[in-house]
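Engineer:
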Amino acid sequence: MTAKFDLNDGNVVVIIGSGAGGGTLGNELAHKGVKVVILEAGKRYEVSDFINDEWASFAQLAWTDARTTSGTWRVAKNFPNLPAWIVKSVGGTTTHWAGASLRFQPHEFKALTTYGKVAGANLLDWPLTLEELEPYYARAEDRMGVTRTNGLPGLPGNNNFKVFHAGAEKLGYKECNTGHMAINSVERDDRTFCHQTGFCFQGCKWGAKWSTLYTEIPKGEATGNMEVRPESRVLRIEHDDHGKVTAVVYADKDGKQQRQKARVVCVAGNSIESPRILLNSASSKFPDGLANSSGQVGRNYMRHTTGSVYAVFEKPVHMYRGTTMAGVIQDEARHDPSRGFVGGYEFETLSLGIPFMAAFLDPGAWGRSFTSAMDDYPNMAGLWIVGEDMPQENNRITLSPTVKDAFGLPVADVHFDDHPNDAAMRNHAYAQGQRLYDAVGAIRTFPTPPYPSTHNLGTNRMSEKPGDGVVNKWGQTHDIGNLFVSDGSQFTTGGAENPTLTIVTLAIRQAEYIASRMKARAI
Amino acid sequence: MLDHHGARGAPHSPSRRLFLRRSSEMAFAAAVAIGSGGALINATEAWGLEVKGLKPETMKTLILVSRDIYPHDRIPDRNYAIAAKPFDEKAAADPKQKDMFEKGVAQLDALAGPGGYFGLGWEADRVALLHRIADTPMFEAVRSTLVVSLYNQKEIWPIFGYEGESFSKGGYIHRGFDDLDWL
Chain A
1014 MTAKFDLNDG NVVVIIGSGA GGGTLGNELA HKGVKVVILE AGKRYEVSDF
1064 INDEWASFAQ LAWTDARTTS GTWRVAKNFP NLPAWIVKSV GGTTTHWAGA
1114 SLRFQPHEFK ALTTYGKVAG ANLLDWPLTL EELEPYYARA EDRMGVTRTN
1164 GLPGLPGNNN FKVFHAGAEK LGYKECNTGH MAINSVERDD RTFCHQTGFC
1214 FQGCKWGAKW STLYTEIPKG EATGNMEVRP ESRVLRIEHD DHGKVTAVVY
1264 ADKDGKQQRQ KARVVCVAGN SIESPRILLN SASSKFPDGL ANSSGQVGRN
1314 YMRHTTGSVY AVFEKPVHMY RGTTMAGVIQ DEARHDPSRG FVGGYEFETL
1364 SLGIPFMAAF LDPGAWGRSF TSAMDDYPNM AGLWIVGEDM PQENNRITLS
1414 PTVKDAFGLP VADVHFDDHP NDAAMRNHAY AQGQRLYDAV GAIRTFPTPP
1464 YPSTHNLGTN RMSEKPGDGV VNKWGQTHDI GNLFVSDGSQ FTTGGAENPT
1514 LTIVTLAIRQ AEYIASRMKA RAI
Chain B
1011 MLDHHGARGA PHSPSRRLFL RRSSEMAFAA AVAIGSGGAL INATEAWGLE
1061 VKGLKPETMK TLILVSRDIY PHDRIPDRNY AIAAKPFDEK AAADPKQKDM
1111 FEKGVAQLDA LAGPGGYFGL GWEADRVALL HRIADTPMFE AVRSTLVVSL
1161 YNQKEIWPIF GYEGESFSKG GYIHRGFDDL DWL
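Residue numbers (this note's numbering), protein chains in the order written: chain A, 1014 to 1536; chain B, 1011 to 1193.
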């Protein structure tokens, strides 16, 4: 069933990356009769290959190719070569993600208008609105089987949620439930329901959590219009004298260079690799990299304002049992500058196993203060903070001047400094999170610093005006008509919500646009 | 025997050799002793550790340093010895690493005075010395290795009440994912 296209077939759409953006876009285009080649850097694992073991799974799935970090963020100190905790395998980070699927709020598409100018921030309104996206959000939710949409029941609350919910009630929060999760609460789409196994981050061995690996990708392949090539590391995108992209050069699994001709190229390699590919594709015609006439490629890197709060109680919680993130409080997601910052944040339940708790509870810490917390692990509950961070021009992906990859290309450096608004929001969230657990009898609470970034956003952002960003409202680059961006790097601003649902929504919408433009012979 | 990756026979495991072996028949004192051939031996806990890159005395000190960095009173020395094994392996493979560990431990011994690090009876006194070397590459190498090589030992997870892999048991859907009843 799966197609096999010739390297010289110049009529294919080449998609770089097979995650939420690339995998969804590929399936959508394939169903519209468009020929698609997906180049995926990682290997192809299947559900049965996933491992219920944090470090072993990390070794299997995580993107651990060399990257460097700079800036004042703590990740640069504790994890200097691991700025992001994302995935290199077919399905991309949809194998690892937790499944939280919240729509943006209306005002979050109008950050500049709503928040006003914020010193040091490069705020901008999205060139589209929630109203425009709503039909596509609905299709994405249906596609992904998001709980609490389309009549699907919510997931049952686990022990960690029980503590979280009780604390929310004590604080007077009204919007607390087991979340809008792209995890089957009932059997659906030929996939079983959540068996409360934990290990959502290690790849769902039940296939209950939506991942392009076993939904969009096989469905796209079944059309006969889509080919996925794993272990294909994209080196650069080529163009002709007219400034149209023509081919993608990649290293295959044997390290041999291949050139796939292309009618359209869609970059969906996550917000670190996508700008890196555009920058590494610089030519005499585009000396600053492809689609970079604005100078915005790689800039405005956002990672959400995150952090965790863990708390120890007198009695057992066993927070690791069950769905990792099926719990949300949305009361703080509103924009309310009286709290001392613009934008808002969500609380979501979270747990780590012993190996990752040791690494992430307080990176670098040692001695009895640390180990006594670890000793209380069974009595621990945990939550994650995810809030809108400010786009800043100098938070950016650049090409390392010193470190090169196996193919001689500069690796990405990820620079990040907290904006004062980010710090104010995080401190507010830490205080509220600690109050929440204190209200239900916590003995100790731990404000845990951000992990390596899972939500990487904004480095090829959407803008109305070509001078303000890299792509238009369709994800089409302002500079090159047949070059698109199809991942979270399109985000103009980050919102307070986990980004995957919005990435999928944009991909479904972008597929309509690309197919129609191809049909009209405009691209 | 588990290696420090916590995996039995994992394909990526660098070595499947058994450095630790049962030695319960050996009549040594309760503390870790240095046996013939330079092996570290703990008769009470019934284990022996062959040392191949570092001086046995250095390895013995590093095991205690490991416990002092991540002290868990319910974890036996045996698991700290497993956690410290990578230091010896690195020393055996790389003279620079060997030099770093040997000099680092010598520095600790010198700071401790007569009797050396191992001679300080109180954890607090030893930890005070560790704080003095906490900015050295040796200390960071030890700590950052231990945080994986100790806590990734499946054998000690039950001590923390962590149940590990659950897929093969059908998850927790019928095994207490929502059994909390004290709220």
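All C-beta atoms in this analysis are idealised placements derived from N, C-alpha and C, irrespective of residue type, glycine included.
What does V1157(B) touch in chain A if you count any residue whose Cβ is under 7 Å from its own?
Structural biologist: Within the second sequence, numbered from 1, the residue matching residue 1157(B) stands at position 147. Neighbours of V1157(B) on chain A, chain order: A1371 and A1372.
Engineer: Look up M1148(B) in the DSSP assignment and give the residues it is bridged to.
Structural biologist: Your numbering for residue 1148(B) matches position 138 in the second sequence. Answer is none; M1148(B) lacks a bridge partner.
Engineer: Given that L1193(B) touches chain A, what residues does it touch there, using C-beta distances under 8 Å?
Structural biologist: What you label residue 1193(B) is simply residue 183 of the second sequence in a count that begins at 1. The contacting residues are K1175, V1176, A1179 and V1453.
Engineer: Measuring CB to CB, does I1064(A) end up less than 9 Å from I1028(A)?
Structural biologist: On the first sequence, residue 1064(A) is found 51 positions in, with the first residue counted as 1. On the first sequence, residue 1028(A) is found 15 positions in, with the first residue counted as 1. Result no, Cβ atoms of I1064(A) and I1028(A) do not sit closer than 9 Å.
Engineer: Chain B partners of Q1209(A), CB-CB under 7 Å?
Structural biologist: Locating residue 1209(A) in the first sequence gives position 196, where the first residue counts as 1. Residues of chain B passing the Cβ test: G1181, Y1182, I1183 and F1187.
Engineer: Does the beta carbon of G1023(A) sit closer than 9 Å to a beta carbon anywhere in chain B?
Structural biologist: By 1-based counting over the first sequence, the position of residue 1023(A) is 10. It does not; no Cβ of chain B falls within 9 Å.
Engineer: Counting C-beta neighbours from all protein chains within 10 Å, is the total for D1254(A) 16 or more, i.e. buried, or is it exposed?
Structural biologist: Here the question's residue 1254(A) lines up with position 241 in the first sequence. Flag for D1254(A) reads exposed.
Engineer: G1023(A) and K1298(A) look like a contact to me (Cβ under 8 Å); what is the Cβ gap, rounded to whole Å?
Structural biologist: Residue 1023(A) sits at position 10 when you count from the first residue of the first sequence. Residue 1298(A) sits at position 285 when you count from the first residue of the first sequence. In fact, because the Cβ distance is near 19 Å, the residues do not count as touching under 8 Å.
Engineer: What separation, rounded to the nearest whole angstrom, lies between the Cα atoms of D1402(A) and S1466(A)?
Structural biologist: Working through the first sequence from its first residue, we reach residue 1402(A) at position 389. Working through the first sequence from its first residue, we reach residue 1466(A) at position 453. Computed Cα separation, rounded: 12 Å.
Engineer: First and last residue of the alpha helix (DSSP H) that includes A1124(A)?
Structural biologist: Along the first sequence, one-based indexing puts residue 1124(A) at 111. Element bounds for A1124(A): A1124 to Y1128.
Engineer: Helix, strand or coil for L1514(A), going by three-state DSSP, please let me know.
Structural biologist: Numbered from 1 along the first sequence, position 501 holds the residue referred to as residue 1514(A). Three-state result, L1514(A): helix.
Engineer: In chain A, which residues lie less than 7 Å from N1162(B) when you measure between Cβ atoms?
Structural biologist: Locating residue 1162(B) in the second sequence gives position 152, counting from the first residue. Within 7 Å Cβ-Cβ: W1068 and P1368.
Engineer: May I ask you to list, following chain order, the residues of the segment 1327–1340 of chain A that have a beta carbon less than 9 Å from some beta carbon of chain B?
Structural biologist: Result list: E1327, K1328, P1329, V1330, H1331, Y1333, R1334, G1335 and T1336.
Engineer: Flag this pair as yes or no: are the beta carbons of L1226(A) and T1077(A) separated by less than 9 Å?
Structural biologist: For the purposes of this step, residue 1226(A) is identified with residue 213 of the first sequence, where counting begins at 1. For the purposes of this step, residue 1077(A) is identified with residue 64 of the first sequence, where counting begins at 1. Contact: no.
Engineer: Span of the alpha helix (DSSP H) holding T1071(B)?
Structural biologist: Here the question's residue 1071(B) lines up with position 61 in the second sequence. It spans P1066 to I1079 - the alpha helix (DSSP H) in which T1071(B) sits, taken as one unbroken run.
Engineer: Report the residue from T1228(A), T1082(A), P1329(A) and G1216(A) whose alpha carbon sits nearest the alpha carbon of W1192(B).
Structural biologist: The residue you call residue 1192(B) lines up with position 182 of the second sequence. Nearest C-alpha to W1192(B): P1329(A).
Engineer: List the residues of chain A that V1137(B) touches, going by C-beta distances under 8 Å, in chain order.
Structural biologist: The residue labelled residue 1137(B) in the question sits at position 127 within the second sequence. The answer, in chain order, is G1380.
Engineer: Would G1084(A) and F1429(A) qualify as a contact pair, given that the criterion is a beta-carbon distance under 9 Å?
Structural biologist: The sequence position of residue 1084(A) within the first sequence is 71, counting from 1. The sequence position of residue 1429(A) within the first sequence is 416, counting from 1. Yes, these two residues count as a Cβ contact at 9 Å.
Engineer: Taking D1388(A) as the query, report the chain B residues whose CB atoms sit under 9 Å from its CB, ordered along the chain.
Structural biologist: Locating residue 1388(A) in the first sequence gives position 375, counting from the first residue. Within chain B, the residues near D1388(A) are H1082, D1083, R1084, I1169 and F1170.
Engineer: Out of N1173(A), V1258(A), V1484(A) and K1101(A), state which residue places its alpha-carbon closest to the alpha-carbon of G1055(A).
Structural biologist: Here residue 1055(A) corresponds to residue number 42 of the first sequence, with the count starting at 1. When each option's Cα is compared against that of G1055(A), the closest is K1101(A).
Engineer: Given that S1076(B) touches chain A, what residues does it touch there, using C-beta distances under 8 Å?
Structural biologist: As a first step, residue 1076(B) must be located in the second sequence, where it is residue number 66. Within 8 Å Cβ-Cβ: nothing; S1076(B) doesn't reach chain A, min ~10 Å.
Engineer: How many angstroms separate the CA atom of A1524(A) from the CA atom of F1420(A)?
Structural biologist: Counting from 1 along the first sequence, the entry for residue 1524(A) is found at position 511. Counting from 1 along the first sequence, the entry for residue 1420(A) is found at position 407. If you take the alpha carbons of A1524(A) and F1420(A), they lie about 32 Å apart.
Engineer: Could you check if L1020(A) is buried or exposed, using at least 16 other CB atoms within 10 Å of its CB as the buried criterion?
Structural biologist: For the purposes of this step, residue 1020(A) is taken as residue 7 along the first sequence, with counting starting at 1. Label assigned to L1020(A): exposed.
Engineer: Kindly identify the DSSP beta-bridge partner or partners of N1190(A).
Structural biologist: Looking up residue 1190(A) in the first sequence gives position 177. In the DSSP output, where bridge partners are listed per residue, N1190(A) has V1341(A).
Engineer: I'd like the list of long-range same chain contacts for N1293(A), defined as Cβ closer than 6 Å, with 5 residues on each side in sequence excluded.
Structural biologist: Taking the first residue of the first sequence as position 1, residue 1293(A) is located at position 280. These residues qualify, in order along the chain: R1249 and L1422.
Engineer: Taking a contact to mean a Cβ-Cβ separation below 9 Å, would you say D1098(B) touches G1063(B) in this structure?
Structural biologist: Working through the second sequence from its first residue, we reach residue 1098(B) at position 88. Working through the second sequence from its first residue, we reach residue 1063(B) at position 53. Yes, they are a contact pair.
Engineer: So, is I1398(A) buried or exposed, given that buried needs 16 or more other C-beta atoms within 10 angstroms?
Structural biologist: Residue 1398(A) sits at position 385 when you count from the first residue of the first sequence. Buried, by the Cβ-count rule.
Engineer: My output table needs one value for N1408(A): the three-state DSSP class, helix, strand or coil.
Structural biologist: Your numbering for residue 1408(A) matches position 395 in the first sequence. In the structure shown, N1408(A) sits in coil (DSSP, three-state: anything other than H, G, I, E or B).
Engineer: Taking CB distances under 9 Å as the criterion, tell me whether S1178(B) reaches chain A.
Structural biologist: Taking the second sequence and counting its residues from 1, one reaches residue 1178(B) at position 168. Yes, S1178(B) lies at the interface with chain A (some Cβ there is under 9 Å from its Cβ).
Engineer: Using a Cβ-Cβ cut-off of 6 Å (strictly less than) and excluding sequence neighbours within five positions of F1360(A), which residues of its own chain qualify?
Structural biologist: By one-based count along the first sequence, residue 1360(A) stands at place 347. These residues qualify, in order along the chain: I1342 and L1396.
Engineer: Using a C-beta to C-beta distance shorter than 9 Å, which residues of chain A count as neighbours of L1190(B)?
Structural biologist: Looking up residue 1190(B) in the second sequence gives position 180. The answer, in chain order, is N1171, N1172, N1173, K1175, V1176, K1328, P1329, V1330 and H1331.
Engineer: Below 9 Å on C-beta distance, what does N1065(A) contact in chain B?
Structural biologist: Walking along the first sequence from the start, residue 1065(A) turns up at place 52. G1174, E1175, S1176, F1177 and S1178, listed in chain order.
Engineer: I'd like to know if F1360(A) contacts chain B, where contact means its C-beta is closer than 9 Å to some C-beta of that chain.
Structural biologist: Residue 1360(A) sits at position 347 when you count from the first residue of the first sequence. Judged by the 9 Å Cβ criterion, F1360(A) is not in contact with chain B.
Engineer: In angstroms, rounded to a whole number, what distance separates the CA positions of N1040(A) and D1203(A)?
Structural biologist: For the purposes of this step, residue 1040(A) is identified with residue 27 of the first sequence, where counting begins at 1. For the purposes of this step, residue 1203(A) is identified with residue 190 of the first sequence, where counting begins at 1. Using only the alpha carbons, I get a separation of about 17 Å.
Engineer: Quick one: list the residues of chain A neighbouring I1079(B), beta-carbon separation under 8 Å, in chain order.
Structural biologist: What you label residue 1079(B) is simply residue 69 of the second sequence in a count that begins at 1. Near I1079(B) (Cβ distances below 8 Å), the residues of chain A are W1379 and G1380.
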